[in-house]
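Colleague: The listed protein sequences derive, respectively, from chains A and B. To get my numbering, take the position in the first sequence, counting from 1, and add 174. To get my numbering, take the position in the second sequence, counting from 1, and add 174.
Number of protein chains: 2
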Amino acid sequence: MTEIEKTLESKTVRPTAMRILIYKYMADKEIAVALTDIENAFAKADRTTLYRTLKTFEEKGIVHQIDDGTNISKYALCEPGCNCELEQDLHLHFHCGNCEETVCLTEQKIPHINLPDGYIAEDANLVIKGICEKCSG
Amino acid sequence: MTEIEKTLESKTVRPTAMRILIYKYMADKEIAVALTDIENAFAKADRTTLYRTLKTFEEKGIVHQIDDGTNISKYALCEPGCNCELEQDLHLHFHCGNCEETVCLTEQKIPHINLPDGYIAEDANLVIKGICEKCSG
DNA sequence: ATAAAAAATGCACTTCCGTTGCACTAATAT
DNA sequence: ATATTAGTGCAACGGAAGTGCATTTTTTAT
Ligand SMILES: [Mn+2]
Ligand SMILES: [Mn+2]
Ligand SMILES: [Zn+2]
Ligand SMILES: [Zn+2]
């Protein structure tokens with residue numbers, strides 16, 4: 175049993191062929207991927223399957239969904255041991271206006287914000303737009 | 175000439191009847207509005223006109239577009255003298271999971287973030303999700 | 001005032017992404 | 001071996017954003 179299969183099973187996701195391929199695809203990429211990206215990478219698979227795979231991965235805490243402001247949902251593998259729901263694990267995301275790529279900056283946590291009275295924070299999303307390290311070189 | 179007409183003209187936007195109505199509608203609301211909201215409020219007007227009015231307002235710095243993570247673009251009037259493009263004027267937005275409303279927290283500026291080497295920030299979007307002051311009461 | 005030009009509006013249609021229903025197939029449990 | 005559950009594929013739908021073009025309204029020039 176491979177490392178990936180073990181990872182999936184540890185999150186109670188059955189390691190089907192398709193799921194292993196998608197996991198591998200995402201692990202090899204250092205950037206967040208859209209459904210369309212996966213669709214293009216696996217042309218013979220049906221979009222619905224890929225879509226539902228991402229949903230399953232998300233529900234089981236294998237990936238987290240990223241809203242980078244492009245109105246296209248992106249996904250990235252969670253770090254080992256990450257708890258995306260918890261405030262302490264909320265990292266920011268960077269979207270490059272040049273290459274259009276979105277990356278997790280997992281080291282950069284979202285700072286705690288003091289809200290006006292009555293407001294209760296449950297989640298936060300911080301996206302920085304600009305030029306990425308690859309494009310600014 | 176009314177106050178609103180003067181405001182529009184000062185931003186080089188011709189104060190047509192429709193535009194004045196939309197401006198007034200947004201000024202009366204304390205929350206960010208979607209195109210659909212305006213569409214419902216002015217049922218006899220065509221969606222395209224409303225759509226293009228918002229675009230014009232945005233280009234001329236009368237409103238700013240808000241991406242609150244719902245994948246529905248919201249718009250809110252800019253504060254007098256605000257320069258949304260500048261980092262110093264970037265405020266955060268709050269989206270309530272209960273009433274589904276989005277508000278500008280214009281007092282809460284987005285804190286400056288130190289990015290890894292090579293990353294150049296040009297814009298930022300910070301959305302806090304939770305329960306708003308009206309719903310938490 | 002009249003005509004020409006420019007701007008705004010309305011209608012129809014398209015595109016894109018996300019999502020769902022249902023049938024079919026593969027895997028698992030009894 | 002059979003029943004049950006989980007995964008996949010196909011087809012269609014839906015909402016929201018966006019565009020091309022005809023028509024109307026407003027502005028400008030004559
Ligand atoms: Mn991330
Ligand atoms: Mn705002
Ligand atoms: Zn880049
Ligand atoms: Zn609320």
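Note that CB positions come from ideal geometry on N, CA and C, so glycine has one too. Quick caveat: nothing in here was measured; it's all calculated off a predicted structure.
Closer than 7 angstroms to a non-hydrogen atom of ligand 3 - does that hold for the CB of CYS278/A?
Modeller: Against the first sequence, residue 278/A aligns to sequence position 104. No - ligand 3 has no heavy atom lying nearer than 7 angstroms to the Cβ of CYS278/A.
Colleague: So with CB distances below 7 angstroms, who are the chain A contacts of ALA295/B?
Modeller: Here residue 295/B refers to the residue found at position 121 of the second sequence. The contacting residues are ILE302 and GLY304.
Colleague: Can HIS265/B be considered in contact with ligand 1, in the sense that its beta carbon sits closer than 7 angstroms to one or more heavy atoms?
Modeller: For the purposes of this step, residue 265/B is taken as the residue at position 91 of the second sequence. False, no ligand heavy atom lies under 7 angstroms from that Cβ.
Colleague: Should the segment 297 to 308 of chain B be called in touch with the segment 264 to 271 of chain B, which here means at least 3 C-beta pairs below 8 angstroms?
Modeller: Flag = yes, the segment 297 to 308 of chain B and the segment 264 to 271 of chain B touch.
Colleague: Just to confirm, are VAL301/B and LYS234/B a CB contact at a threshold of 8 angstroms?
Modeller: If you number the second sequence from 1, residue 301/B lands on position 127. If you number the second sequence from 1, residue 234/B lands on position 60. Cβ distance not < 8 angstroms, so VAL301/B and LYS234/B don't count as in contact.
Colleague: Please check if any C-beta of chain B sits within less than 8 angstroms of the C-beta of GLN262/A.
Modeller: Here residue 262/A is taken as the residue at index 88 of the first sequence, counted from 1. Closer than 8 angstroms: no.
Colleague: Pull out every residue of the segment 265 to 283 of chain B whose Cβ sits closer than 8 angstroms to any Cβ of chain A, in chain order.
Modeller: LEU266, PHE268, GLY271, LEU279, GLU281 and GLN282
Colleague: Mind checking CYS273/B: buried by the 16 CB within 10 Å criterion, or exposed?
Modeller: Residue numbering aside, residue 273/B sits at position 99 when the second sequence is read from its first letter. Classification of CYS273/B: exposed, given that the 10 Å Cβ count is below 16.
Colleague: For LYS303/A, which option in THR276/A, GLY311/A and THR227/A has the closest C-alpha, if you only look at C-alpha atoms?
Modeller: The sequence position of residue 303/A within the first sequence is 129, counting from 1. Among THR276/A, GLY311/A and THR227/A, the Cα nearest to that of LYS303/A belongs to THR276/A.
Colleague: 8 angstroms is my cut-off, CB to CB: does ILE287/B come that close to chain A?
Modeller: Walking along the second sequence from the start, residue 287/B turns up at place 113. For ILE287/B, the answer is yes, since a Cβ of chain A falls inside 8 angstroms of its Cβ.
Colleague: Give, in chain order, every unbroken run of the alpha helix (DSSP H) that is at least 4 residues long and sits entirely within the segment 200 to 242 of chain B.
Modeller: Inside the segment 200 to 242 of chain B, DSSP marks whole alpha helix (DSSP H) runs of 4 or more residues at positions 209 to 215 and 221 to 233, from first to last along the chain.
Colleague: Are there any heavy atoms of ligand 2 lying less than 7 angstroms away from the beta-carbon of TYR238/B, as far as the coordinates show?
Modeller: Position 64 of the second sequence, counted from the start, is the residue given in the question as residue 238/B. Note that residue 238/B is His in the sequence shown here, rather than Tyr. For ligand 2, at least one heavy atom lies less than 7 angstroms from the Cβ of HIS238/B.
Colleague: GLU233/B CB to nearest chain A CB: under 8 angstroms?
Modeller: Residue numbering aside, residue 233/B sits at position 59 when the second sequence is read from its first letter. Judged by the 8 angstroms Cβ criterion, GLU233/B is not in contact with chain A.
Colleague: Following a CB-centred definition, is ALA250/A positioned closer than 7 angstroms to any heavy atom of ligand 1?
Modeller: Within the first sequence, the letter at position 76 stands for residue 250/A. Under cutoff, so the answer is yes.
Colleague: Since THR181/B is in the alpha helix (DSSP H), which residue starts that stretch and which ends it?
Modeller: As a working note, residue 181/B is residue 7 in the second sequence. THR181/B -> alpha helix (DSSP H) spans 177 to 184.
Colleague: In angstroms, rounded to a whole number, what distance separates the CA positions of GLU232/B and GLN239/B?
Modeller: Along the second sequence, read from residue 1 onward, the residue named residue 232/B stands at position 58. Along the second sequence, read from residue 1 onward, the residue named residue 239/B stands at position 65. Near 7 angstroms, if we compare the C-alpha coordinates of GLN239/B and GLU232/B.
Colleague: Can you tell me which residues form a DSSP beta bridge with LEU266/A?
Modeller: Numbered from its first residue, the first sequence carries residue 266/A at position 92. Looking at the DSSP assignment, LEU266/A forms a beta bridge with LEU279/A.
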